[in-house]
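For reference, the structure is listed below as structure tokens.
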Amino acid sequence: MITLKSTKKGLGVAIEGETLVLKNAFSARYDLDVKTGKFLRPGLAEEDASVAGKVLVADRAKGGVASSWLLREMVRLGTAPAALVFNNAGPVMVQAAAFAGITLLDGFEEDVTEAIPNKLQVSVDPQEKTITPV
29 MITLKSTKKG LGVAIEGETL VLKNAFSARY DLDVKTGKFL RPGLAEEDAS
79 VAGKVLVADR AKGGVASSWL LREMVRLGTA PAALVFNNAG PVMVQAAAFA
129 GITLLDGFEE DVTEAIPNKL QVSVDPQEKT ITPV
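For the sequence shown, this note's numbering gives the first residue as 29, with consecutive numbering after it.
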């Protein structure tokens, strides 16, 4: 993987972490267990995979404003992802990440779910709008 640059303004602080790549859209509210960070929907990710401390990479976010309180509660519990990287986050997920204090990048020319391998150590820098292998 080479460095990927977002076409949109990033959100949050620079972080490093391991990627967890989803090939599909996901809903923070309906697909994540707030207490464990594990996925509730079978087949969305590897069995027993947790977003806690990970750089979650997905095609797009779906769902409503409940994502905001859910992600904020996950931050409080220590089960939230360290960063969110999307092809298309959508305004509701951008708001949710801002409310929860989670780093977010979206809007890439490449399909991030194809360009970024699962379980890769990366640096996500919202000020530079980049995701880079470490």
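Using N, Cα and C, we set each Cβ at its ideal position, and we do this for glycine too.
Here the structure is a predicted model, which means the values were calculated and not measured.
Residue i: first and last residue of the uninterrupted beta strand (DSSP E) it sits in
{"i": "K151", "result": "Checking the sequence, you will find Ser at residue 151 rather than Lys. Its beta strand (DSSP E) spans residues Q149 to D153."}
{"i": "A108", "result": "Careful: A108 lies outside any beta strand (DSSP E) and carries neither H nor E."}
{"i": "D87", "result": "V83 to K90"}
{"i": "D76", "result": "Here D76 belongs to no beta strand (DSSP E), and DSSP marks it neither H nor E."}
Cβ separation of residue i and residue j, assumed to be a contact under 8 Å, to the nearest whole Å
{"i": "G32", "j": "E138", "result": "The question names Gly, yet the displayed sequence has Leu at residue 32. Correct: roughly 6 Å between the Cβ atoms."}
{"i": "S78", "j": "K63", "result": "About 11 Å separates the two Cβ atoms, so there is no contact after all."}
{"i": "M29", "j": "P161", "result": "5 Å"}
{"i": "T35", "j": "G135", "result": "4 Å"}
Alpha carbon of residue i to alpha carbon of residue j, nearest angstrom
{"i": "L72", "j": "L50", "result": "7 Å"}
{"i": "V82", "j": "L99", "result": "The sequence shown places Lys at residue 82, rather than the Val named in the question. About 13 Å."}
{"i": "A110", "j": "K37", "result": "18 Å"}
{"i": "V85", "j": "A56", "result": "13 Å"}
{"i": "R88", "j": "R104", "result": "24 Å"}
{"i": "D76", "j": "L48", "result": "12 Å"}
{"i": "E156", "j": "Y58", "result": "32 Å"}
{"i": "T158", "j": "P145", "result": "15 Å"}
{"i": "A108", "j": "F54", "result": "14 Å"}
{"i": "A126", "j": "A80", "result": "17 Å"}
{"i": "A94", "j": "L60", "result": "12 Å"}
{"i": "A124", "j": "L133", "result": "13 Å"}
{"i": "W97", "j": "S151", "result": "26 Å"}
{"i": "N52", "j": "M102", "result": "21 Å"}
{"i": "E74", "j": "K147", "result": "11 Å"}
{"i": "R69", "j": "G106", "result": "21 Å"}
Run of the alpha helix (DSSP H) containing residue i, from where it starts to where it stops
{"i": "F127", "result": "G118 to A128"}
{"i": "E156", "result": "Run containing E156: none; DSSP gives neither H nor E here."}
{"i": "V140", "result": "V140 to A143"}
Proximity winner among the options, relative to residue i (alpha-carbon distances)
{"i": "T131", "options": "L68, V41 and A53", "result": "V41"}
{"i": "P149", "options": "G45, S96, V62 and A53", "result": "The amino acid occupying residue 149 in the given sequence is Gln; Pro does not appear at that position. Cα-wise, what sits closest to Q149 is G45."}
{"i": "G92", "options": "V120, M102, T158 and K66", "result": "V120"}
{"i": "K90", "options": "V122, P70, V152 and I43", "result": "V122"}
Residue i beta carbon near the ligand SAH (any heavy atom closer than 7 Å)
{"i": "F67", "result": "Summarising the ligand content, the structure contains no ligands, and the ligand SAH is consequently not present."}
contact_flag[the region 141-158, the region 111-124] where n(CB pairs < 8 Å) is 3 or more: yes
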